[in-house]
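In terms of my numbering, the sequence shown has 18 at position 26, counting the first letter as 1, and numbering is strictly consecutive.
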Amino acid sequence: MASDDDVGAENGGGGRAINDRDIIGRVESGSGGTSKEAGCRKVTLTNRKHNISHTQVLYKYITWTKWCWFRTQRWITVNTVKTGWDIDVEWGTVSWEGNVKTKKYFYEWSDGSDISGHYYYKKGHLKNEFGGVTFGHSYPENTIRAHSNGTWTWWTND
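Structure follows, in structure tokens:
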């Protein structure tokens, strides 16, 4: 199980799962964390895609945000926000084509502070191809919103 300072939001199970259902062509979302006076936290969101019979994971699209905050000042410590991503292709016919969109910015989440929230969005592109024939494309999307009290919300789609 992940510690409070390194929590995971996974679909498809494993680890500390916020959502243990597979995401196949539908939107999933959730929230987590407990409000704390100050601290630092890392949240990892894993978007898994399974084959049609649900017997094999085709890939995992992973994004994460790490941030520190001070609730009394209602802001996220700007220079501590770090974001990242990873791809884990587990099926031979699936290829990584690259990230197609990234957005990250601070916003007003609480009490008039324009740095009380941080938004991180990433969209990737994978292709399923065998013998020169393309069977489909997948565009996984992950969003993490970090808040100035240590809580977060997440959204994912494929």
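Every residue gets a Cβ at the ideal spot worked out from N, C-alpha and C, and that includes glycine.
Item, Value
"Distance, Pro132 Cα to Leu50 Cα", "12 Å"
"Which of helix, strand or coil DSSP assigns to Gly6", "At Gly6 the pLDDT is 28, less than 50, meaning the model places this residue with poor confidence and gives no usable figure here."
"Cβ pair Ser140, Trp88 closer than 7 Å", "no"
"As assigned by DSSP and simplified to three states, the class of Thr94", "strand"
"Lys109: first and last residue of the uninterrupted beta strand (DSSP E) it sits in", "It is Gly, not Lys, that sits at residue 109 in the sequence shown. Its beta strand (DSSP E) spans residues 109 to 122."
"Reduced DSSP secondary structure (H/G/I, E/B, other) of Thr143", "coil"
"Beta-carbon proximity of Asn43 to Tyr53, cut-off 7 Å", "no"
"Cα-Cα separation between Phe127 and Phe62, rounded to whole angstroms", "49 Å"
"Beta-ladder partner(s) of Lys74, from DSSP", "Lys58"
"Alpha-carbon to alpha-carbon, Thr64 and Thr85", "51 Å"
"Per DSSP, cross-strand counterpart(s) of His46", "Partner(s): none; His46 has no beta bridge."
"Three-state class that DSSP yields for Thr64 in the structure shown", "helix"
"Best match in Cys32, Ile79, Val81, Thr47 for proximity to Thr57 [C-alpha to C-alpha]", "Cys32"
"Contacting residues, own chain, Cβ-Cβ under 6 Å from Tyr113 (five flanking each side not counted)", "Lys95, Thr135"
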